[in-house]
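Numbering (the numbering used here), first residue to last: 469 to 724. To start, the structure under review is shown below, and the notes come after it.
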Amino acid sequence: MPVPYRPPPPKPEPDADGWYRDEDELYRTPWIAVFKRQWDWLTQDPATLRDHGWTVLNPVVGGVPALLPVGLIAVGAGRPLPFGVVLVAAGFAVGPLVMHWQVRWTPVLLGPSERTGRTRAWAWIAPRVMAVVRLASVIGTAVGGLGLAALHLVAIFPTSRLWWPEVTALGVVPGPLSPLVGVVATAAGLALAPLALPAYARVSRLLLAPTKAAVLARRVDRLTAGIFAKFGLPVSDDTNRRVLAVIAYLNNTQPS
469 MPVPYRPPPP KPEPDADGWY RDEDELYRTP WIAVFKRQWD WLTQDPATLR DHGWTVLNPV
529 VGGVPALLPV GLIAVGAGRP LPFGVVLVAA GFAVGPLVMH WQVRWTPVLL GPSERTGRTR
589 AWAWIAPRVM AVVRLASVIG TAVGGLGLAA LHLVAIFPTS RLWWPEVTAL GVVPGPLSPL
649 VGVVATAAGL ALAPLALPAY ARVSRLLLAP TKAAVLARRV DRLTAGIFAK FGLPVSDDTN
709 RRVLAVIAYL NNTQPS
């Protein structure tokens, strides 16, 4: 199956003086140039942007409706008859509909676009929208940073006056060791973050990976398209289903 992602950027090579170039900038070490290239690659790759959009929107668009059948069954289990039975039955009835909605919704963002190029209107709108988004992100980052700093300053007083003396009084953490505890907690958070990201990637891969039947159907589609194209014959979904049925029969399995 073709990979929808663009190939990763090449690693920067040092010049004769040992400097690493990225566009018009020179760096003594390669990690800044590598980071900038990786960032441009991730933010400009259409397939990666589709993945990010799905990751952000799916918990709301797909996750919230998924709670409906579970909620109906849970509420119905605690209700008296016959109202409880009606809610439980409604939960089981809504479940397949929610799954069908998820199946319809996911390809909307994850599926590649059939458009081969940008329209004139989109070519004019896209760079201006991106400029506004980047400006808003810069302003939002600055304002958010000030708000976060203010929150930390405000939280210092009640934490030091109300909560932390009770902890130290219990002997859990001696007062002089409290800075050491903060350093250890920060180091633990930084150490666990790289482990959490691959774990999330593995879970997402398990959820988004195509099934064996889907991979086989895609291969049969390409195979029949290539064979029929040589003879100038049209290819339809019915033709692919018949080929899959023959393969399933030869493997002593039932076609899906």
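All residues carry an ideal CB built from backbone N, CA and C; glycine is no exception.
In this structure, the alpha-carbon of Glu493 lies about 10 Å from that of Trp487. Annotated three-state conformation of Tyr473 is coil, per DSSP. In this structure Val529 is in contact with Trp573, their Cβ atoms being roughly 6 Å apart against a cut-off of 8 Å.
Segment contact: the segment 514 to 522 against the segment 548 to 557, fewer than three CB-CB distances shorter than 8 Å; contact not assigned. For the pair Val556 and Gly546, the CB atoms are not nearer than the 8 Å cut-off. The segment 501 to 510 and the segment 562 to 578 do not touch, with fewer than 3 CB-CB distances between them shorter than 8 Å.
A residue is called buried when at least 16 other Cβ atoms come within 10 angstroms of its Cβ; Pro537 meets this threshold and is buried. Annotation for Asp519: the continuous alpha helix (DSSP H) segment containing it runs Pro514 to Asn526. DSSP places Leu684 within a helical segment (H, G or I) once states are collapsed to three. Counted as a single uninterrupted DSSP element, the beta strand (DSSP E) harbouring Leu494 occupies residues Glu493 to Tyr495. For Arg489, there is no enclosing alpha helix (DSSP H); the residue is part of the beta strand (DSSP E) that begins and ends at Tyr488 to Asp490.
Excluding five sequence positions before and after Ala501, the CB atoms of its chain that fall closer than 8 Å to its own CB belong to Pro480, Tyr488, Arg489, Asp490, Glu493 and Tyr495, given in chain order. Residue pairing by DSSP puts Pro482 in a beta bridge opposite Tyr488.
Taking the Cβ atoms as the reference, Tyr473 lies roughly 6 Å from Thr516, within the contact range of under 8 Å. Arg518 sits close to Leu578, with the two beta carbons spaced by under 8 Å. DSSP places Thr679 outside both helix and strand once states are collapsed to three, so it counts as coil. Our two residues, Pro678 and Arg686, have alpha carbons roughly 10 Å apart in a direct line. The DSSP-derived three-state label of Arg547 is coil. With a beta-carbon spacing of about 7 Å, Val562 and Leu540 fall inside the 8 Å limit used to define contacts. Classified as exposed, Gly531 has fewer than 16 neighbouring CB atoms from the shown chains inside 10 Å of its CB.
With a threshold of 16 other beta carbon atoms within 10 Å, Gly559 meets it and is buried.
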